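Chains as they are written, first to last, in my numbering: chain R, 604 to 1179; chain X, 4 to 151.
Cβ atoms here follow ideal geometry from the backbone N, Cα and C, with glycine treated the same way.
This structure is a prediction, so every number in the text was calculated from the model and none was measured.
Below is one structure; the comments refer to it alone.
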Amino acid sequence: MAVYLRNASAGSAVTAFLSQFKIAADGDITYVAGADTFHVWWLHRALQKLAWDFAISGDDEINLTKPNPSTSEAIGTIITLKDWAADYAISYNITDEVATYLFGGSVEQGASGAVTRYSGLIVLGSVNTSTNLQVIQNGALLTSHWGSGKNQIDSSTLLSILIKTHDTGVEIDNSIVNVKANTWGDSFAIWQTTLGLGEKVAAINTASDPQNDTLQATVKAYSIVKSEGYKLIDVDGAGDKPFVGEWSYGSYNKKALHEFVKSILVYNTAETIHGIDGDLWTGRLFDCVITPGAGGDLWVQNETITWPGGEGQLVAVDNVADDTATRIVIHLNKGIAPANADVLSGTAASQIVSSTPDSITTNPNLLGVFTGTAWIGATGIGFAPGELGNVDSVTDLNGNVLSPPNNVNIQVTVETGLAGDDPHVFLAKKHATNNAPDYAVYTGTNQTAGAGTLIINEAISSDTPQSGQVLVKTTGQSTAEFYDYTSWAGSTFALSGTLNNNITNGDDVFPAILYTSATGGGTSKLASNSLIYSSDIDVTGWVRHGDPATPDKPVPISGTIGTAGLSLTVVLDDES
Amino acid sequence: MSYSVNWITQLVSIPDTDLTLVSGTHYRLNMFTFLIEIRRLEANDGLWAPQIVEHTNPKINFAGADYAGFDKIINGYKIIFTGNLTRVDLIGSNNNIADIFISNGVSVVPSNSAGLQKVSIGSGVTPQDVIDIAVKSRDVLLSTENYP
């Protein structure tokens, strides 16, 4: 297989071209046999050679008696095949198949008003590993005839091909194509370009992604749940902000989430995101302000939306009811983006765009950049606030860059003798002077048994875990009573249950950082919680395993919760 | 077991029903049984509270003999035996219950063994102590003391 560049030897290029293709008397140029590829210049030169010949030869049925087959402009990169149908019943044309053997420019053919155009696309850049580039046109993947590269005429060229952008007078998707590189283990890349006459460039560069080194099959098995749709999230403690999705890594970690989302978008994926095949996700998001409609119809998450000249997918809407929805985010699948006054139409609902939609800057990885420790979130991408720290940066749909507080994890790993052991962990703030937990952090107010909240006299410290257990030395009781709380604000803990007994004003109250069983399937158990770090916290407590059958010695634990949280490991020892 | 602990006042109550009857009002407490129950309580209702017992495992087959362990009641906890009883024998470990139990007419008989003890002879002051004391006394008089 040879690649005949623009500056190839004319003799050999023309000979090879005429050998590989048939030029019929009616102007049809068809593929015969061969694997060589040719700069479009050699299509023109081969035809000119035939039109100069006195006699026809073999399957090339054109000679000096025929009208001029073609013209060339822009140094041989814009080739026009002439249409002589009216006078000579000859219309020079190539087939789609022939076009796959050409590169370096454009080829236009057909009568005025019914022109077919093959436009040149050259993809420049570099890829980290062998990459099967994808080309998306009109909301669909083009069938690849280029594998991991074709017509790589120099070290910076990944691909050089022709793409049909006009078909018998009809422009295809505004001549727009998106080129994607999404190879597992590498950074992803997307480039949109509008093709035309001659050859247009798409730039693709990928690099090794050090945060994407897990086996793809392993990542696909993660039990992480996709998050789609409009979300209001308070990531910085300053109130809810609008986002698309609220991604959570759950029992995994940030890297796992990063890889999980890449597994949705990876080459040849079978997954969808916002209802779109991951291969077809181009990240072309538009934020539209819409006028409330008449009511009675609902938008449906991930449904297809149309408007004059375009089609997309509903990525997020602030309210599914068409009489209250004021903001909608769409992914452009094909055509042009909606404009002011366009009517957006879904399956049932339709509303009018009331201003020019904003194009949202997106990331080929969807979530944004993951540095290994921190997110630099793409615009509008939401994350579970409890999983963000002050190293992370997120940007809401309004474009505001938000800095989350530093959520830090506190975890105690307990190595037990038996998998069935149930060690209990208590960890609390250390007393200011005593080497013991502080049992009197707050004081309770008068409250009645059965209440669903626990109210204290003081403001709850900002570095109190957002959920966990709070204990009360209730007057008249022989032990401190513990209550599970699900959140807190001001001076009030919201309990998951109710108060067992009346609380007397002044009763000691102290929140635990850990007051729970360490759990896990094997002999290594884990107890954990998180809180918003603001300054170092000295903590103390213990691990106890009092199973009458196999008791272990109590083990004291202590440490300081710092900017990176606190991680302790305890090894239990049999007591006999 | 029906031990009860007031974790606020730090009082452990052991009823006679959880003791082994010897005869009449004379009972026995197996210290390992006591330890097991205390550990269970410490890990549940008392998880937040300081530990009650510090336990030292027995020394088994040490030079041909098994040496009993130690159970030390710590952190200010007290023990009280309740019910119709006058005497409780503590068996199975050396312990300090006799020092901290609340006497309510019950006699506690520990079985502590101290066959080999570490003791100081005389005043316990060594010749080096005498020298150090003399040096310090001189420094104090001369106002040149330099305490660490």
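Simplified DSSP state of residue i, which is helix, strand or coil
i: X/Pro130; result: helix
i: X/Lys139; result: helix
i: R/Gln623; result: helix
i: R/Ala649; result: helix
i: X/Tyr150; result: Caution is warranted here: a pLDDT of 49 is assigned to X/Tyr150, below 50, making its placement in the model unreliable, and the coordinate value is therefore given only provisionally. Residue state, collapsed to three classes: coil.
i: R/Leu883; result: helix
i: X/Trp10; result: coil
i: R/Val603; result: The question about residue 603 of chain R has no answer, for chain R in this structure spans 604 to 1179.
i: R/Asp1066; result: coil
i: R/Glu1084; result: strand
i: R/His769; result: strand
i: R/Ala1115; result: strand
i: X/Ser116; result: coil
i: R/Val997; result: strand
i: R/Pro988; result: helix
i: R/Val643; result: helix
i: R/Arg1147; result: strand
Residue i versus residue j - alpha carbon distance
i: X/Ser5; j: X/Leu38; result: 14 Å
i: R/Leu868; j: R/Val738; result: 14 Å
i: R/Gly742; j: R/Gly878; result: 13 Å
i: R/Pro1154; j: R/Lys1128; result: 16 Å
i: R/Gly985; j: R/Thr1166; result: 23 Å
i: R/Ser622; j: R/Ala636; result: 8 Å
i: R/Ile1180; j: R/Asn735; result: Residue numbering for chain R in the displayed model covers 604 to 1179; residue 1180 of chain R lies beyond these limits and cannot be assessed.
i: R/Leu724; j: R/Phe706; result: 8 Å
i: R/Thr553; j: X/Gln13; result: The requested residue 553 of chain R is not part of the displayed model; chain R covers only 604 to 1179.
i: R/Ala654; j: R/Thr618; result: 14 Å
i: R/Phe1096; j: R/Pro1068; result: 11 Å
i: R/Ser763; j: R/Ser778; result: 16 Å
i: R/Phe973; j: R/Lys858; result: 8 Å
i: R/Ala940; j: R/Gln795; result: 14 Å
i: R/Asp686; j: R/Gly661; result: 23 Å
i: R/Val782; j: R/Val606; result: 23 Å
i: R/Gly750; j: R/Ala677; result: 29 Å
i: R/Asn1104; j: X/Asp48; result: 16 Å
C-beta neighbour in chain X for residue i, strict 8 Å
i: R/Pro1007; result: no
i: R/Phe889; result: no
i: R/Thr1082; result: yes
i: R/Gly886; result: no
i: R/His1034; result: no
i: R/Leu1074; result: yes
i: R/Ser1161; result: no
i: R/Phe568; result: The first residue shown for chain R is 604 and the last is 1179, placing residue 568 of chain R beyond what the model contains.
i: R/Tyr1118; result: yes
i: R/Arg1147; result: yes
i: R/Glu1178; result: yes
8 Å contact criterion, which residue i and residue j should meet: CB distance rounded
i: R/Gly949; j: R/Asn936; result: Actually they are not in contact, since the Cβ atoms of R/Gly949 and R/Asn936 sit about 14 Å apart, beyond 8 Å.
i: R/Leu991; j: R/Asp1066; result: The Cβ separation is near 16 Å, so there is no contact.
i: X/Tyr80; j: X/Val15; result: 6 Å
i: R/Val1142; j: R/Gly1162; result: 6 Å
i: X/Glu45; j: R/Gly1023; result: Actually they do not touch by this definition, with Cβ atoms about 20 Å apart.
i: R/Ser1070; j: R/Tyr1086; result: With 8 Å as the limit, R/Ser1070 and R/Tyr1086 do not qualify as a contact, their Cβ atoms being about 12 Å apart.
i: R/Ile697; j: R/Ile632; result: 5 Å
i: R/Val1015; j: R/Ala1130; result: 5 Å
i: R/His1034; j: R/Pro1040; result: 7 Å
i: X/Pro61; j: R/Ser1179; result: 7 Å
i: R/Lys803; j: R/Ser722; result: 7 Å
i: R/Ser1094; j: R/Ile1063; result: 6 Å
Beta carbon proximity, residue i to chain R, threshold 8 Å
i: X/Asn60; result: yes
i: X/Gly161; result: Because chain X spans 4 through 151 in this model, residue 161 of chain X falls outside it and cannot be assessed.
i: X/Ala68; result: no
i: X/Ile11; result: yes
i: X/Gly79; result: no
i: X/Pro113; result: no
i: X/Ile76; result: no
i: X/Leu50; result: yes
i: X/Pro18; result: no
Please list the segments of the alpha helix (DSSP H) lying wholly inside the segment 47 to 100 of chain X, counting only runs of 4 or more residues, in order along the chain. Listed in chain order, there is nothing to give.
What alpha helix (DSSP H) runs, 4 residues minimum, are completely inside the segment 774 to 825 of chain R? Listed in chain order, they are 819 to 823.
Mind pulling the beta strand (DSSP E) runs of 3 or more residues that sit fully within the segment 903 to 984 of chain R? Qualifying beta strand (DSSP E) stretches, in chain order: 907 to 910, 913 to 920, 930 to 938, 946 to 948, 953 to 956, 961 to 963, 971 to 973, 978 to 982.
Pick out the complete alpha helix (DSSP H) segments inside the segment 646 to 723 of chain R, 4 residues or longer, and give them in chain order. Within the segment 646 to 723 of chain R, the runs of alpha helix (DSSP H) that reach at least 4 residues and sit entirely inside it are, in chain order, 688 to 691, 699 to 702.
Complete alpha helix (DSSP H) runs within the segment 838 to 890 of chain R (minimum length 4 residues, chain order): As far as the segment 838 to 890 of chain R is concerned, its whole alpha helix (DSSP H) runs of at least 4 residues are 857 to 868.
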